[in-house]
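Just below is one structure, and these are the notes that go with it.
Protein chains in written order, with this note's numbering: chain A, 1261 to 1391; chain B, 256 to 483.
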């Protein structure tokens, strides 16, 4: 595979960002530290957004605590592998064309859209979150 | 004019132009190959071509160059453009309905990988427009001027839309998820320009919502402190 200089540059930058991200979220507990950003939607509206609890969930995941992560934000636990799949699918688009084709079926993307909206509504209705 | 090769029931024929292809009344499971495809594809997996076959008389719509991917390959596409010039005399007579070329062109064999299909040692710049030149030029990656294939669809930005919606607490970017669906549906209807527009809109929407998030975040965090 021929990699352009640009591709290598991006790979390095993204790798560094991901490593920093993981280190920060591994070291600090968002439920105790004060410097993590608070959810805008929650502060403005008082309702939980689909992503509320993600930071604590990531912290729990990095410590191997799946149960806690599931309580903080169940959808994040499900969505991470999905996002990874889509990310790889996008990057390998030229090579795995059939794979990319199936990933981008409109009905599949529509299902993802509906699932996020449903999760958003239901977690507020049923209180599926940790304050 | 784009040229197409087909393979029906193991019988390979071509090159055809779009008009001839229409008259052939191909099934969805006919294998098709043209300049820009890595390998033979079933017709049904090339919605863009199917759309073109359904609207007679219209020239094939070439989608606007894809902002992201094409930057890296610009030098190569120059090469291919030069090859294309050399083919010109041969390409410009597709009006003659059949007249199979003396030397049967060799698109990739059905099970072959593209690498195997490249005829080694044939000089690239044959000026006489031998039909051999067409598949050979195509065996190199020729993204810039190839016919719209599935992999020329503008990026859907779906990953970024989900990341901003779920990880960044910006549910507004769910609109961008909707836009990425629009990209695909427009693309499969053959509306390449519309697809590109939705792709751009989605990208800008995501960027805008991230910037808005960064701007609003401190405001929302500090204003309650003033009142407490």
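Where a beta carbon is used, it is the ideal one built from N, C-alpha and C, also for glycine.
Taking residue 1336 of chain A as the centre and dropping the five residues before and after it, the same chain places the C-beta of 1314 and 1317 closer than 6 Å to its C-beta, in chain order. Chain order gives the chain A residues near residue 472 of chain B as 1297 and 1300, where near means a beta carbon separation below 7 Å. When only Cα atoms are considered, residue 450 of chain B and residue 1276 of chain A end up about 33 Å apart. DSSP places residue 260 of chain B inside the beta strand (DSSP E), whose first and last residues are 259-263. Below 8 Å, enough C-beta pairs join the stretch 1362-1371 of chain A and the stretch 405-416 of chain B to call them touching: three or more.
For residue 428 of chain B, no pairing in a beta bridge is given by DSSP.
Secondary structure note for residue 289 of chain B: its beta strand (DSSP E) is the uninterrupted segment 286-289. For residue 472 of chain B, the uninterrupted alpha helix (DSSP H) segment begins and ends at 447-482. The beta carbon of residue 443 of chain B sits closer than 7 Å to those of 302, all from its chain and outside the five residues before and after it, given in chain order. Residue environment: residue 1374 of chain A is assigned as exposed (fewer than 16 neighbouring CB atoms within 10 Å of its CB, all protein chains considered). Interface residue (Cβ-Cβ distance to chain B less than 8 Å): residue 1347 of chain A is classified as such. For residue 268 of chain B, the beta-bridge partners assigned by DSSP are B/261.
Among the residues of the stretch 290-304 of chain B, those with a Cβ less than 8 Å away from any Cβ of chain A are 293 and 300, in the order of the chain. Using a Cβ-Cβ distance cut-off of 8 Å, the stretch 285-298 of chain B and the stretch 256-265 of chain B are in contact, since at least three pairs of beta carbons, one from each stretch, lie closer than that value. Excluding five sequence positions before and after residue 1346 of chain A, the CB atoms of its chain that fall closer than 7 Å to its own CB belong to 1363, given in chain order. Within the stretch 1286-1359 of chain A, no complete beta strand (DSSP E) segment of 3 residues or longer occurs. Taking C-alpha positions only, residue 1388 of chain A is separated from residue 454 of chain B by approximately 34 Å. Rounded to whole angstroms, the gap between the alpha carbons of residue 415 of chain B and residue 1265 of chain A is 23 Å. Under the Cβ criterion of 8 Å, residue 287 of chain B is not counted among the residues facing chain A.
Under the 8 Å criterion on CB atoms, residue 439 of chain B is classed as interfacial with respect to chain A.
Cβ contact annotation for residue 283 of chain B (same chain, cutoff 6 Å, sequence separation greater than five): 298 and 299, in chain order.
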